[in-house]
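See below for the structure under consideration.
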Amino acid sequence: MTATALPVIVVGAGQSGLAAARAVRDAGLHPVVLEAGDRPAGSWPHYYDSLRVFSPARYSAMPGFPMDGDPDRYPTREEVADYLDHYAQHLGVDIRTHTRVSAVEADGTGFIVHTAHGDAHPAAGLVAASGSFGSPITPTLPGQESFTGELLHVAGYRNPAPYAGRRVIVVGGGNSGVQIADELAAVADLTLATLAPVHFLPQVIRGRDLHHWLEVTGFDHLPAAWLRHIVRKPLVLDTGHYREAIESGQVERRAMFTAFDADGVVWADGEREHVDAVVFATGYRPNVDYLRPLGALDENGLPLHVDGISTTHPGLVYLGLEFQRSFSSNTIRGVSRDADYVVGPLAAHVQQAPAIIGL
Numbered sequence: 076m077t078a079t080a081l082p083v084i085v086v087g088a089g090q091s092g093l094a095a096a097r098a099v100r101d102a103g104l105h106p107v108v109l110e111a112g113d114r115p116a117g118s119w120p121h122y123y124d125s126l127r128v129f130s131p132a133r134y135s136a137m138p139g140f141p142m143d144g145d146p147d148r149y150p151t152r153e154e155v156a157d158y159l160d161h162y163a164q165h166l167g168v169d170i171r172t173h174t175r176v177s178a179v180e181a182d183g184t185g186f187i188v189h190t191a192h193g194d195a196h197p198a199a200g201l202v203a204a205s206g207s208f209g210s211p212i213t214p215t216l217p218g219q220e221s222f223t224g225e226l227l228h229v230a231g232y233r234n235p236a237p238y239a240g241r242r243v244i245v246v247g248g249g250n251s252g253v254q255i256a257d258e259l260a261a262v263a264d265l266t267l268a269t270l271a272p273v274h275f276l277p278q279v280i281r282g283r284d285l286h287h288w289l290e291v292t293g294f295d296h297l298p299a300a301w302l303r304h305i306v307r308k309p310l311v312l313d314t315g316h317y318r319e320a321i322e323s324g325q326v327e328r329r330a331m332f333t334a335f336d337a338d339g340v341v342w343a344d345g346e347r348e349h350v351d352a353v354v355f356a357t358g359y360r361p362n363v364d365y366l367r368p369l370g371a372l373d374e375n376g377l378p379l380h381v382d383g384i385s386t387t388h389p390g391l392v393y394l395g396l397e398f399q400r401s402f403s404s405n406t407i408r409g410v411s412r413d414a415d416y417v418v419g420p421l422a423a424h425v426q427q428a429p430a431i432i433g434l
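Taking my numbering, the leading residue of the sequence shown gets 76, the next gets one more, and so forth.
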């Protein structure tokens with residue numbers, strides 16, 4: 076069987092995987108999408124209940140497939156999940172849910188993709204599109220192992236109801252941390268703990284949403300190397316509500332505590348305080364551990380790539396990584412541009428590969 080007769084396997088059926096599948100199909104190849112979950116919606120169904128996209132619907136859609144409804148609204152978590160589900164149906168490509176990829180190994184010019192079910196799938200090429208939000212990052216502080224309260228990452232948080240009347244600390248000064256702290260403050264004794272003051276970015280400028288200006292100024296398309304010098308700290312998109320909540324004391328912010336003890340935390344000034352729960356809104360790392368057997372990751376488990384194209388294995392590309400090529404690389408509005416970019420050399424590799432043994 077020739078390389079072009081084998082599929083290009085796409086790992087993940089969220090926004091990145093679906094964008095990849097469309098680009099692979101448009102390049103004349105056969106995409107097969109392997110998704111660990113029960114629907115082609117990525118991580119969206121698992122985020123906290125009140126989450127809304129930070130960009131209006133008109134900037135939160137795949138090319139040629141706009142979201143229904145008011146284009147200036149900020150879609151809910153459920154709306155985005157349903158939208159991706161509908162987009163997957165629209166594509167009509169081979170998507171296999173309940174199929175978790177466990178390992179990938181090289182096989183001639185292609186790959187063998189192993190799943191948790193014990194199956195092995197030969198592939199002419201591979202798109203690692205499991206995104207930037209697969210593995211929660213939880214810091215470890217002194218005394219944390221002896222803390223008897225509740226510890227969770229925002230990935231496991233759904234809504235404030237279980238925390239009503241309790242003493243809660245949210246750790247993290249990014250969008251998720253500030254949003255969750257704001258809603259918890261209405262029902263709990265809440266403190267937002269951050270390493271530095273929270274930095275805000277206006278959601279609306281001169282009557283237009285920020286994302287309009289990102290597009291018309293070209294900022295959305297700036298190379299990643301530039302962005303790493305420009306965007307040096309977390310920025311919270313805000314209409315003014317969150318700034319007011321923190322400045323008024325409705326949401327208390329304190330400098331990060333330094334340690335845990337058995338039933339609470341120790342603040343930088345030495346104060347010890349009882350705490351019922353700590354919610355870490357401290358980010359994620361890409362979930363690409365299945366590529367470890369391939370040798371495609373660095374010592375920290377991060378992809379070795381340039382602009383999404385593997386520097387270790389021809390025929391392997393990435394999609395949906397933060398700042399992969401631009402400011403919008405891990406967003407719905409930006410991932411399709413990156414898909415077209417990385418699938419070009421992927422398709423060239425597959426079409427130039429010699430005959431290999433397949434099914």
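Ideal placement from N, C-alpha and C gives every residue a C-beta, glycine not left out.
List the residues that DSSP assigns as beta-bridge partners of residue i.
| i | result |
| --- | --- |
| Gly-339 | Asp-336 and His-349 |
| Asp-284 | Val-279 |
| Gly-247 | According to DSSP, which records beta bridges pairwise, Gly-247 is partnered with nothing at all. |
| Glu-264 | The residue you asked about is not Glu; residue 264 is Asp in the sequence shown. Paired residue(s): Arg-242. |
| Ala-330 | Thr-269 |
| His-380 | Ser-385 |
| Tyr-359 | Pro-211 |
Rounded to the nearest angstrom, how far is the Cβ of residue i from that of residue j, given a contact under 8 Å?
| i | j | result |
| --- | --- | --- |
| Ala-203 | Pro-378 | 7 Å |
| Ala-111 | Arg-175 | 4 Å |
| Ala-88 | Val-410 | In fact, because the Cβ distance is near 13 Å, the residues do not count as touching under 8 Å. |
| Tyr-365 | Val-179 | 6 Å |
| Pro-361 | Gly-209 | 6 Å |
| Leu-20 | Ala-334 | Missing from the structure shown is residue 20; the chain here goes from 76 to 434 and no further. |
| Gly-247 | Phe-355 | 7 Å |
| Pro-131 | Arg-148 | 7 Å |
So, for residue i: in the same chain, excluding its five sequence neighbours on each side, which residues have a beta-carbon less than 7 Å away from its beta-carbon?
| i | result |
| --- | --- |
| Ala-256 | Val-245, Leu-265, Leu-267 and Val-326 |
By Cβ distance below 6 Å, which residues in the same chain neighbour residue i in space, the five residues on each side in sequence not counted?
| i | result |
| --- | --- |
| Ile-407 | Gln-90 and Ser-135 |
| Gly-200 | Val-83, Gly-390, Leu-421 and Val-425 |
| Gly-249 | Pro-309 |
| Val-108 | Val-85, Ala-88, Gly-92, Ala-96 and Ile-170 |
| Phe-129 | Leu-312 |
What is the DSSP secondary structure of residue i, counted as helix, strand or coil?
| i | result |
| --- | --- |
| Asp-113 | coil |
| Ala-423 | helix |
| Gly-409 | helix |
| Phe-208 | coil |
| Gly-185 | strand |
| Leu-396 | coil |
| Phe-294 | helix |
| Arg-232 | Per the sequence presented here, residue 232 reads as Tyr, with Arg not at that position. Residue state, collapsed to three classes: coil. |
| Pro-120 | helix |
| Pro-106 | strand |
| Ser-91 | helix |
So, is the C-beta of residue i closer than 8 Å to a C-beta in chain B?
| i | result |
| --- | --- |
| Met-331 | Judged by its chain identifiers, the structure shown contains no chain B, having just a single protein chain. |
Pairing CB atoms from the region 225 to 245 with CB atoms from the region 366 to 386, are three or more of them under 8 Å?
-> no
Three-pair Cβ contact test at 8 Å for the region 266 to 283 versus the region 326 to 342 | Yes, the region 266 to 283 is in contact with the region 326 to 342.
The region 210 to 228 in contact with the region 315 to 330 per 3-pair CB rule at 8 Å | no
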